[in-house]
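>
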Amino acid sequence: MNRFDKKNKNSIRLSVSQQIRLNIIEEPPSGPSHERVISAFREFFRSSVFEKDDSFLKIISIGRLALPTLYSIIVDEKRAMEISEKIFKKDPVQNTNPDPNQKEKEIQKRLSLVRSGACILISKIVIKLDAEEKSKAADVFYYVLANKNYDEDTKLNVLYGIRSIGDSAHILVPLVNEIILDKAFSVKIRIQAIAMMGGMQNIGKRSADSLLKVISDETENIIVKRNAITAFGDLSDYMNDDKIKEGFKTFLSELEKVEDENFKDTVIDSLGNFGERCVDDIFEVISDRNRKIDTRIRMLRSIFKVGKVNFMLHDYVLDSLVKLKEKYRSSAYGKDGSLNCEIDLKISNEIDYIIRNLVGY
7 MNRFDKKNKN SIRLSVSQQI RLNIIEEPPS GPSHERVISA FREFFRSSVF
57 EKDDSFLKII SIGRLALPTL YSIIVDEKRA MEISEKIFKK DPVQNTNPDP
107 NQKEKEIQKR LSLVRSGACI LISKIVIKLD AEEKSKAADV FYYVLANKNY
157 DEDTKLNVLY GIRSIGDSAH ILVPLVNEII LDKAFSVKIR IQAIAMMGGM
207 QNIGKRSADS LLKVISDETE NIIVKRNAIT AFGDLSDYMN DDKIKEGFKT
257 FLSELEKVED ENFKDTVIDS LGNFGERCVD DIFEVISDRN RKIDTRIRML
307 RSIFKVGKVN FMLHDYVLDS LVKLKEKYRS SAYGKDGSLN CEIDLKISNE
357 IDYIIRNLVG Y
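For the sequence shown, the working numbering begins at 7 and goes up steadily by one.
#1: DSSP three-state label for Tyr339, please.
#2: Taking the runs of the alpha helix (DSSP H) that are 4 residues or longer, which of them lie wholly in the segment 268-353?
#3: By Cβ distance below 8 Å, which residues in the same chain neighbour Ile288 in space, the five residues on each side in sequence not counted?
#4: Below 6 Å CB to CB, which residues in the same chain sit around Lys314 once its five sequence neighbours on both sides are set aside?
#5: Do Ile168 and Leu127 have their C-beta atoms within less than 9 Å of each other?
#6: Going by other Cβ atoms of all chains shown within 10 Å of its Cβ, with 16 needed for buried, is Ile357 buried or exposed?
#7: From Glu41, Met87, Glu88, Glu49, pick the residue whose C-alpha is nearest to that of Leu73; which is it?
#8: According to DSSP, is Asp358 part of a helix, a strand, or is it coil?
#9: How far does the alpha helix (DSSP H) with Gly69 in it extend, from its first residue to its last?
#10: In its own chain, which residues sit with a C-beta less than 7 Å from the C-beta of Asp247, not counting the 5 before and 5 after it?
#11: If you follow the alpha helix (DSSP H) that Asn233 is part of, which residue opens it and which one closes it?
#12: Report back the beta-carbon spacing between Ile186 and Ser222 to the nearest angstrom; my notes put them in contact at under 8 Å.
#13: For Gly205, which three-state DSSP category applies?
#14: Can you list, in chain order, the stretches of the alpha helix (DSSP H) that have 4 or more residues and sit fully within the segment 146-178?
#15: Are the beta-carbon atoms belonging to Ala152 and Ser129 less than 9 Å from one another?
#16: If we count the other Cβ atoms within 10 Å of its Cβ and call it buried at 16 or more, is Pro38 buried or exposed?
#17: For Asn363, which of helix, strand or coil comes out of DSSP?
#18: Ignore the nearest five residues each way along the sequence and tell me which others in Phe238's own chain have a CB closer than 6 Å to its CB.
#19: First and last residue of the alpha helix (DSSP H) that includes Lys251?
#20: Taking the alpha carbon of Val368 as the point to measure from, which residue in Val179, Phe147, Leu76, Asp157 has its own alpha carbon closest?
#21: How do the segment 328-338 and the segment 346-363 stand: do at least 3 beta-carbon pairs fall below 8 Å, yes or no?
#22: Leaving aside the five residues before and after Asn227 along the sequence, list all residues of the same chain whose C-beta is less than 6 Å from its C-beta, in chain order.
#23: To the nearest angstrom, how far is the alpha carbon of Arg116 from that of Lys231?
#24: Between Lys219 and Ile171, how many whole angstroms is the CB-CB distance? I'm expecting something under 8 Å.
#25: May I ask which residues mark the beginning and end of the alpha helix (DSSP H) holding Ala190?
#26: Nearest chain D C-beta to Leu327 closer than 9 Å, yes or no?
#27: Could you spell out where the alpha helix (DSSP H) holding Lys92 opens and where it closes?
#28: Suppose you measure from the CA of Arg302 to the CA of Ser293; what does that come to, to the nearest Å?
#29: Confirm, please, whether the CB-CB distance from Ile209 to His176 is below 9 Å.
#30: Where does Lys115 sit, in a helix, a strand or coil, going by DSSP?
#31: Excluding five sequence neighbours on each side, which residues of the same chain lie with their C-beta closer than 8 Å to the C-beta of Val120?
#32: Judging by CA-CA distance, which residue of Ile113, Val81, Gln108 is the nearest neighbour of Lys95?
#33: At the level of alpha carbons, what is the spacing between Asp300 and Glu348?
#34: On the three-state DSSP scale, how would you describe Lys58?
Here it is as structure tokens:
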């Protein structure tokens, strides 16, 4: 994306988020429910660890009536500061540090804590409400993800809450994909973005391209890559055949390039979720003598998972393995019984082990 396109995209996003803000804060929150939310927040921050859940449960019990206050905490800076001051009115910030900016830093820290709590509470409340309220919550979450003024903790809690808004989360996918790809974000928040999309099924499949970019990036953090591999496998049932083929090629390439054992295990486990659409491709790799022996043996373990979890493929996988076993057993030994090919013997022994385990399923 060139600089002009990126600037234009950011301008459009800013316009959308500002319109969202205006729609949400049309009327300032007030009344008994508003005061109850502030009181419960105050209890939360003054109570012990064992009592904090009770404070949040009080806000959740208010239900829909608590949402105007929670929305304002997130999207309205002025009102959020006012509410934060009320919450901490008995614990004013003391300016004892020689750093002249310390007081402002502490105020912002408290505001961040309140906003993070509001994000969590919104997701807990709207999960039981109608599509209209879920849509409004999605707008609030969009506002947070689209604006750079929010810290990672607040964005992280938005990501935790995305599943609660169901299909309304579709407007957030482009923003979540940017977090997945942007290395300026911490590993923690990128992993959460990946995990969230991995659990969103039809919505999550729109992150397929972003996940593949992460997986194929040689400079990428290996933990982020492993999480992307797992998410892609979890979403494979909702992807078209072309995307599965692309994923298979990417997974195979990474399997042969990366030496980390845990990484390889993640690839193999995720490949097992591809099911019937990659069974023949896996067998083709197993039979390819030009491939590394490690790759071929690991692919056998992947085909074991396919046969184990997919009842419809069980017999097909088992029959194919029996034929392969005979093929490699025969080529491993000469007519006089001497060992001809140690690699073929290893493949045959691994197949035999998998067959014995697969028969039990």
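Ideal Cβ placement from N, Cα and C applies to all residues, glycine included.
Result, derived from the coordinates:
#1: strand
#2: 285-292, 299-315, 317-338
#3: Leu277, Met305, Ser308, Ile309, Val312
#4: Tyr367
#5: no
#6: Ile357 is buried by the Cβ-count criterion.
#7: Glu41
#8: helix
#9: Note, Gly69: premise wrong, no alpha helix (DSSP H); not H, not E.
#10: Hits under 7 Å: Arg283.
#11: Element bounds for Asn233: 228-241.
#12: The Cβ separation is near 13 Å, so there is no contact.
#13: coil
#14: 158-167
#15: No.
#16: If you draw a 10 Å sphere on the C-beta of Pro38, you find fewer than 16 other C-beta atoms in it, and that means exposed.
#17: helix
#18: Non-local C-beta neighbours of Phe238 in its own chain, meaning closer than 6 Å and more than five positions away in sequence, comprise Leu217, Gly253, ordered along the chain.
#19: 247-263
#20: Any question about residue 368 goes unanswered here, given that the chain covers just 7 to 367.
#21: yes
#22: In chain order, Val193 place their CB closer than 6 Å to the CB of Asn227, counting only its own chain and leaving out the 5 sequence neighbours on each side.
#23: 34 Å
#24: In fact, because the Cβ distance is near 26 Å, the residues do not count as touching under 8 Å.
#25: Taken as a continuous stretch (DSSP letters only), Ala190 belongs to no alpha helix (DSSP H), as it is neither H nor E.
#26: Here chain D cannot be found, since the structure has a single protein chain.
#27: 83-93
#28: 8 Å
#29: yes
#30: helix
#31: Phe47, Ile79, Ala86, Ile89, Ser90, Ile93
#32: Ile113
#33: 13 Å
#34: helix
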